[in-house]
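Chemist:
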Amino acid sequence: MEINIMERQDNFLKFEVLGTGHTLLNLLRKKLSEDERIEIAMYSIPHPLLEGVVFEVTGKNGVDVEKEIKKSLSGLKGDIKEFREAWKKAK
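In our numbering, the protein residues as written are 30 to 120.
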């Protein structure tokens, strides 16, 4: 997987992700959307035959979206750990 920053502004980040698709990025999009400091979290696949997904995050004024992305990724790790523990207990 490779990530390339395409555009960075005060409360906006646009980046391209190579080597992954909907599964991981939709989880991140949903987690970011749960954060009240994030106004928009979305991604698009510019062309189905080309590798690369473009992800955009816009935060409210004064919000460091890179910091919020890191928090959301940590939150996803916690969600996966919780699911794994529940799975171990499943009968």
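Ideal Cβ positions, reconstructed from N, Cα and C, are used throughout, including at glycine.
1. Please work out which residues of its chain come closer than 8 Å, Cβ to Cβ, to Ile-67, disregarding the five sequence neighbours upstream and downstream, and give them in chain order.
2. Hey, Glu-45 and Val-82 are a contact pair by Cβ (cut 8 Å); roughly how many whole angstroms apart?
3. Give me the Cα-Cα distance between Trp-116 and Leu-79, rounded to the nearest whole angstrom.
4. How big is the Cα-Cα spacing for Glu-36 and Lys-118?
5. Could you give the DSSP three-state label for Asn-2: helix, strand or coil?
6. Who does Gly-88 pair with in a DSSP beta bridge?
7. Exposed or buried, which one is Leu-42 when buried takes at least 16 other CB atoms within 10 Å?
8. Between Thr-49 and Lys-120, what straight-line distance do the alpha-carbon atoms span, to the nearest angstrom?
9. Measuring alpha carbon to alpha carbon, tell me which of Lys-110, Leu-102, Glu-114 ends up nearest Leu-125.
Modeler: On the basis of the supplied data:
1. Leu-61, Val-86, Thr-87, Gly-88, Lys-89, Val-92, Val-94, Glu-97
2. 7 Å
3. 36 Å
4. 44 Å
5. As shown, the chain starts at 30 and ends at 120. That puts residue 2 outside it, with no answer to give.
6. Ile-67
7. buried
8. 33 Å
9. With the chain represented from 30 up to 120, any question about residue 125 goes unanswered, as that position is not in the structure.
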